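In this note's numbering, the protein residues as written are 42 to 540.
Quick reminder that beta carbons are idealized off the backbone N, C-alpha and C, glycines included.
Since this is a predicted model, take the numbers as computed values, not measurements.
A short worksheet on the structure shown next.
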Amino acid sequence: MIKLYNTQTHQKEEFKPVEEGKVRMYVCGPTVYNRIHIGNARTFISFDTIRRYFMYRGYEVTFVQNVTDVDDKIITKANQEGRTAAEVASEFTDAFISDMRAAGVMDPDVRPKATKEIGEMIKLVKTLIDKGHAYATEEGDVYFSVRSFPEYGKLSGRNIDEMEGGHRELRADGQGLEDRKRDPLDFALWKAAKPGEPSWGSPWGQGRPGWHIECSAMSKKYLGLPIDIHGGGADLVFPHHENEVAQSEAAYGCCFSNYWMHGGMLQVNHEKMSKSLGNFLLLNEVLERTDPVVLRMLMLQTHYRSPLDFSDERLDESAQSVARIANALKNMNWAIAHAEGEGSLIDAEGLAARAQAMKDSFIESMDDDFNTAGALGHIFTFVGDINTMCVNRAISASDALVVKAAQDTLVELLNVLGLPIQAAEDTSNYPAETVTLAAELAGYEGSDPAEAASALLDARAAARKAKDFATADKVRDGLTSLGFTIEDTPQGARVTFNG
Ligand code: AMP
Ligand code: ZN
Numbered sequence: 042m043i044k045l046y047n048t049q050t051h052q053k054e055e056f057k058p059v060e061e062g063k064v065r066m067y068v069c070g071p072t073v074y075n076r077i078h079i080g081n082a083r084t085f086i087s088f089d090t091i092r093r094y095f096m097y098r099g100y101e102v103t104f105v106q107n108v109t110d111v112d113d114k115i116i117t118k119a120n121q122e123g124r125t126a127a128e129v130a131s132e133f134t135d136a137f138i139s140d141m142r143a144a145g146v147m148d149p150d151v152r153p154k155a156t157k158e159i160g161e162m163i164k165l166v167k168t169l170i171d172k173g174h175a176y177a178t179e180e181g182d183v184y185f186s187v188r189s190f191p192e193y194g195k196l197s198g199r200n201i202d203e204m205e206g207g208h209r210e211l212r213a214d215g216q217g218l219e220d221r222k223r224d225p226l227d228f229a230l231w232k233a234a235k236p237g238e239p240s241w242g243s244p245w246g247q248g249r250p251g252w253h254i255e256c257s258a259m260s261k262k263y264l265g266l267p268i269d270i271h272g273g274g275a276d277l278v279f280p281h282h283e284n285e286v287a288q289s290e291a292a293y294g295c296c297f298s299n300y301w302m303h304g305g306m307l308q309v310n311h312e313k314m315s316k317s318l319g320n321f322l323l324l325n326e327v328l329e330r331t332d333p334v335v336l337r338m339l340m341l342q343t344h345y346r347s348p349l350d351f352s353d354e355r356l357d358e359s360a361q362s363v364a365r366i367a368n369a370l371k372n373m374n375w376a377i378a379h380a381e382g383e384g385s386l387i388d389a390e391g392l393a394a395r396a397q398a399m400k401d402s403f404i405e406s407m408d409d410d411f412n413t414a415g416a417l418g419h420i421f422t423f424v425g426d427i428n429t430m431c432v433n434r435a436i437s438a439s440d441a442l443v444v445k446a447a448q449d450t451l452v453e454l455l456n457v458l459g460l461p462i463q464a465a466e467d468t469s470n471y472p473a474e475t476v477t478l479a480a481e482l483a484g485y486e487g488s489d490p491a492e493a494a495s496a497l498l499d500a501r502a503a504a505r506k507a508k509d510f511a512t513a514d515k516v517r518d519g520l521t522s523l524g525f526t527i528e529d530t531p532q533g534a535r536v537t538f539n540g
């Protein structure tokens with residue numbers, strides 16, 4: 042039984058799908074006016090993990106994530122750069138998709154773009170006007186009348202009378218729209234076009250949608266009513282999600298989403314990472330120097346609802362955590378490859394029991410509101426066991442089958458978390474000549490072939506940087522002739538030994 046924390050009821054609840062065996066999820070996507078930062082990525086990685094876990098537990102998941110490709114911020118950026126809003130949006134939509142893939146986040150089943158769904162939004166706005174929940178102004182704007190929906194505030198737990206002026210609407214040119222509203226609480230569903238802005242025809246004249254309306258329209262179009270889970274970062278609870286609830290429920294009657302899930306903020310020095318504070322790190326830049334599984338490991342070591350403080354030290358710790366797992370996988374590979382003879386040479390029964398215990402506890406943690414930190418704790422306990430049981434130890438052929446099954450369980454659980462960690466390379470068979478080569482070309486003074494290989498890679502990188510291609514080629518040729526293959530990755534070069 043999966044339990045999850047529902048923002049709307051402030052408690053953990055048993056998950057009961059609308060339709061047996063199915064999960065319909067909608068997670069608000071980005072506004073595409075720049076590349077996403079690792080704070081945005083945290084929210085998307087959290088929901089990717091939640092989605093993968095539902096799939097692991099046998100649910101058929103339909104996952105929808107919109108792209109907000111018309112918005113004041115996009116228009117402002119386009120104006121500053123002398124480009125069209127469509128050009129800016131298209132560039133950053135592509136960048137968003139490639140950043141998400143690089144981070145190991147699965148593609149959504151549907152990724153609707155706001156600009157392609159204007160007709161749906163206009164229909165919804167019309168319904169709201171017909172039902173007395175919205176009004177058009179002379180200028181061609183349409184507002185949602187907040188006081189016409191008495192339950193307004195129920196998601197965020199805010200009291201309507203304490204919200205005066207909560208929805209200040211600014212246009213791209215900074216001009217306020219306050220004076221056009223009947224009530225300062227009201228928020229824009231449709232904005233009349235200004236010259237130079239992208240616009241679409243509507244019953245209220247040329248204009249463009251407000252931000253909130255797109256999610257109400259697209260969620261209904263692609264997932265129906267009600268859906269199981271609507272998610273996003275905690276900063277979206279108010280006003281964005283509160284407004285979505287108001288629009289959808291006012292227009293369609295009953296329930297919009299049965300569960301509301303919100304992720305905690307990624308912070309730097311206890312402050313939310315955000316564009317406006319200028320304390321952001323772009324995801325693509327971090328991934329140039331960091332293996333995506335290391336970044337994801339960092340994210341998953343904190344519960345998705347808690348704030349997460351990001352730092353380079355934590356990134357280093359996560360790299361070590363990944364290395365421990367990679368090492369356990371390598372130790373298991375070694376044991377399996379060197380198995381020989383009959384009888385039991387390790388405590389095979391104990392090992393099988395520990396693998397099963399890891400899996401049971403993993404599921405227990407994940408069932409409890411997707412406690413990835415707890416789930417990883419169980420994985421590390423098992424990894425510790427492996428690293429004492431399977432180090433350079435001869436095992437029998439029948440034990441090898443048990444080790445293989447345990448390894449499969451470990452890999453299966455890592456994949457549920459989206460952590461496709463590869464076994465560390467076995468460096469025990471690196472040739473001794475690697476040391477001589479490193480002494481000659483990299484000034485290496487030690488005697489460990491694995492260290493020597495990495496010294497050679499460092500020397501090659503330094504030579505390339507200094508445009509000393511003769512030396513770089515010499516290092517490469519030397520390594521190749523010893524039986525190594527060099528692979529260049531975004532995180533630097535790697536060798537594998539084929540001998
Ligand atoms: P935006 O493009 O600003 O609408 O943000 C896209 C998603 O990233 C939303 O779900 C936000 O809640 C989320 N988000 C923004 N900043 C952070 C942060 N510092 N930590 C976690 N999630 C964030
Ligand atoms: Zn949304």
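Please report how far the alpha carbon of residue i lies from the alpha carbon of residue j, in whole angstroms.
{"i": "Glu383", "j": "Asn433", "result": "18 Å"}
{"i": "Ser359", "j": "Leu336", "result": "7 Å"}
{"i": "Leu165", "j": "Ala175", "result": "10 Å"}
{"i": "Phe411", "j": "Leu45", "result": "7 Å"}
{"i": "Lys515", "j": "Pro490", "result": "18 Å"}
{"i": "Ala364", "j": "Glu128", "result": "42 Å"}
{"i": "Leu497", "j": "Asp357", "result": "23 Å"}
{"i": "Ala380", "j": "Gly533", "result": "34 Å"}
{"i": "Ile436", "j": "Ala473", "result": "27 Å"}
{"i": "Trp231", "j": "Ala144", "result": "35 Å"}
{"i": "Thr48", "j": "Val105", "result": "20 Å"}
{"i": "Leu322", "j": "Ala376", "result": "41 Å"}
{"i": "Gly391", "j": "Asp440", "result": "11 Å"}
{"i": "Phe228", "j": "Asp182", "result": "10 Å"}
{"i": "Cys431", "j": "Gly425", "result": "10 Å"}
{"i": "Thr343", "j": "Lys118", "result": "34 Å"}
{"i": "Glu528", "j": "Thr475", "result": "17 Å"}
{"i": "Asn107", "j": "Gly272", "result": "12 Å"}
{"i": "Thr530", "j": "Val444", "result": "31 Å"}
{"i": "Val327", "j": "Glu312", "result": "19 Å"}
{"i": "Pro149", "j": "His419", "result": "29 Å"}
{"i": "Val286", "j": "Ser315", "result": "25 Å"}
{"i": "Glu192", "j": "Leu226", "result": "14 Å"}
{"i": "Cys295", "j": "Ile366", "result": "48 Å"}
{"i": "Asp563", "j": "Asn325", "result": "Given a span of 42 to 540 for the chain in the structure shown, any question on residue 563 remains unanswerable."}
{"i": "Pro461", "j": "Gly246", "result": "52 Å"}
{"i": "Gly304", "j": "Met66", "result": "15 Å"}
{"i": "Arg535", "j": "Glu486", "result": "21 Å"}
Tell me the DSSP bridge mates of residue i?
{"i": "His271", "result": "Tyr67 and Trp301"}
{"i": "Asn47", "result": "Gln52"}
{"i": "Arg535", "result": "Glu528"}
{"i": "Thr109", "result": "Thr72"}
{"i": "Asp350", "result": "Gln308"}
{"i": "Asp409", "result": "Lys44"}
When DSSP labels each residue in this structure, what does residue i get in the three-state scheme?
{"i": "Phe185", "result": "strand"}
{"i": "Glu12", "result": "Nothing in the structure corresponds to residue 12, since the chain is present only between 42 and 540."}
{"i": "Gly215", "result": "Since pLDDT at Gly215 reaches only 47, below the 50 mark, its modelled position is unreliable, and no value is offered."}
{"i": "Tyr31", "result": "This structure cannot speak to residue 31, because the chain is shown only from 42 to 540."}
{"i": "Gln308", "result": "strand"}
{"i": "Tyr293", "result": "helix"}
{"i": "Lys550", "result": "The structure shown does not extend to residue 550, since the chain is modelled only from 42 through 540, so no value can be given for it."}
{"i": "Lys316", "result": "coil"}
{"i": "Leu228", "result": "A quick correction: the sequence has Phe, not Leu, at residue 228. Phe228: strand per DSSP, three-state reduction."}
{"i": "Ala504", "result": "helix"}
{"i": "Lys157", "result": "helix"}
{"i": "Leu543", "result": "This structure leaves residue 543 out entirely; the chain is present only between 42 and 540."}
{"i": "Val432", "result": "coil"}
{"i": "Leu196", "result": "coil"}
{"i": "Val443", "result": "helix"}
{"i": "Leu323", "result": "strand"}
{"i": "Val59", "result": "coil"}
{"i": "Val151", "result": "strand"}
{"i": "Ala177", "result": "strand"}
{"i": "Gly540", "result": "coil"}
{"i": "Arg517", "result": "helix"}
{"i": "Tyr345", "result": "coil"}
{"i": "Val278", "result": "helix"}
{"i": "Asp89", "result": "helix"}
Near ligand 2, which residues have their beta-carbon less than 5 Å from any of its heavy atoms, given in chain order?
What you get when you keep residues with a C-beta closer than 5 Å to any heavy atom of ligand 2 is Cys69 and Cys256.
My parser needs the beta strand (DSSP E) runs of 3 or more residues fully inside the region 232-268; what are they?
If we require 3 residues or more, the beta strand (DSSP E) runs fully inside the region 232-268 come out as 248-250.
Contiguous alpha helix (DSSP H) assignments of at least 4 residues, all confined to the region 451-496
Fully enclosed alpha helix (DSSP H) runs of 4 or longer: 474-483.
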